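A.B. asks: Going by the working numbering, the sequence shown opens with residue 492, and the numbers climb by one from there.
Take this structure, written in structure tokens, and hold onto it; I'll ask about it next.
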Amino acid sequence: MPYEAIHTDIQGRVGILTLNRPEKLNAWNAAMTEEAIACLDAWAGDPAIGAIVLTGTGRAFCAGADFADLREGVDDDATPTRWVEAVRRTKPIVVALNGFAVGMGLSVTLPCAVRLAAANARMSMRFVRVGLVPEGASTTLLPAIVGLGWANEICLTGRFVSADEALAMGLVNRLYPPDELLPAAVALATEIADGPTRVAMLIERALQDHRTLPWDRAIERETAAIAEARRGPDYEEAVIAFTEGRQPRFNR
């Protein structure tokens, strides 16, 4: 389908979702919400897609919420919740932070599986500078990713964080020259997609749940997920492949 605010591509088993409003530094508007969530949901149900890359067009990943929407009264308080839910129900997402990621432009990456960044990228939890509180479960997700001390500093000051600082605090996993970022993200997503997709989704959800679940409840969730995985074809294929001395062939 034609999109107004995003662009999509598929490389092998990897879906690439690109925020595509470069003239607005990919500021997040209502159209982007609807299109991006629709895309994630479509790929969630597509067995040909095993992982997703999320990136932006131009010199910004996303400059945050589009204030034109706010002025026109089309802001939707449900957007952050809807986005987090869409990320949780789709395939694992590798974020390629190609430039500025500000406010909502950073918070939307936090529920995703992995964040990679260009060496010249800059990030900011800008909410305090515009009189707002961080959204999209980021007050839980960010401390889990970088620790409470760093989360306090970057949320309470709203200052920009360099790519090197983001790497040091664990906000991103690796840095790349700008022209190498997208290929690296696709390569990592391909590595994920080549594994058993259904099991990867179970693992990612279990890892996400550790942030909010007490340990005994987390064990219950893990036990249920293990039982579900053992009933699936990927586990059976792995056992057969092991007995036959070959690599398993997943997602068939």
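For glycine and all other residues, C-beta sits at the position ideal for the given N, C-alpha and C.
As the structure is a prediction and not an experimental result, all values here were calculated from the model.
Going along the chain, which residues of its own chain have a beta-carbon closer than 6 Å to the beta-carbon of residue 526, five neighbours each way excluded?
C.D. replies: 494, 496 and 497
A.B. asks: Going by alpha carbons, who is nearest to residue 508 out of 613, 680 and 714?
C.D. replies: That would be 680, whose Cα lies nearest to the Cα of residue 508.
A.B. asks: Output needed for residue 725: all residues of its chain with C-beta closer than 7 Å, excluding positions within five of it in sequence on either side, in chain order.
C.D. replies: 687, 689, 690 and 741
A.B. asks: According to the neighbour-count rule (16 or more other Cβ atoms, all chains shown, within 10 Å of its Cβ), is residue 547 buried or exposed?
C.D. replies: buried
A.B. asks: Tell me the rounded alpha-carbon separation between residue 500 and residue 519.
C.D. replies: 20 Å
A.B. asks: What are the start and end residues of the alpha helix (DSSP H) that includes residue 596?
C.D. replies: 595-598
A.B. asks: Where in the region 511-589 do unbroken runs of the beta strand (DSSP E), each at least 3 residues long, occur, reported from the N-terminal end onward?
C.D. replies: 542-547, 551-553 and 584-588
A.B. asks: What separation, rounded to the nearest whole angstrom, lies between the Cα atoms of residue 630 and residue 646?
C.D. replies: Spanning the alpha carbons of residue 630 and residue 646 requires a straight line of approximately 9 Å.
A.B. asks: Considering only residues of the region 597-681, which uninterrupted alpha helix (DSSP H) runs meet the minimum length of 4 residues and lie entirely inside it, listed in chain order?
C.D. replies: 629-637, 639-648 and 654-660
A.B. asks: When DSSP builds the beta bridges, which residues end up paired with residue 498?
C.D. replies: When DSSP reads this structure, residue 498 sits in a beta bridge with 509.
A.B. asks: CB-CB under 6 Å to residue 542, same chain, minus the five flanking residues each way: which ones, in chain order?
C.D. replies: 505, 582, 583, 680, 683 and 684
A.B. asks: Taking the alpha carbon of residue 605 as the point to measure from, which residue in 537, 730, 699 and 738 has its own alpha carbon closest?
C.D. replies: 699
A.B. asks: Run through the DSSP bridge pairs and tell me what residue 592 is partnered with.
C.D. replies: Paired residue(s): 553 and 614.
A.B. asks: Taking the alpha-carbon of residue 692 as reference, which of 720, 675 and 671 has the nearest alpha-carbon?
C.D. replies: 720
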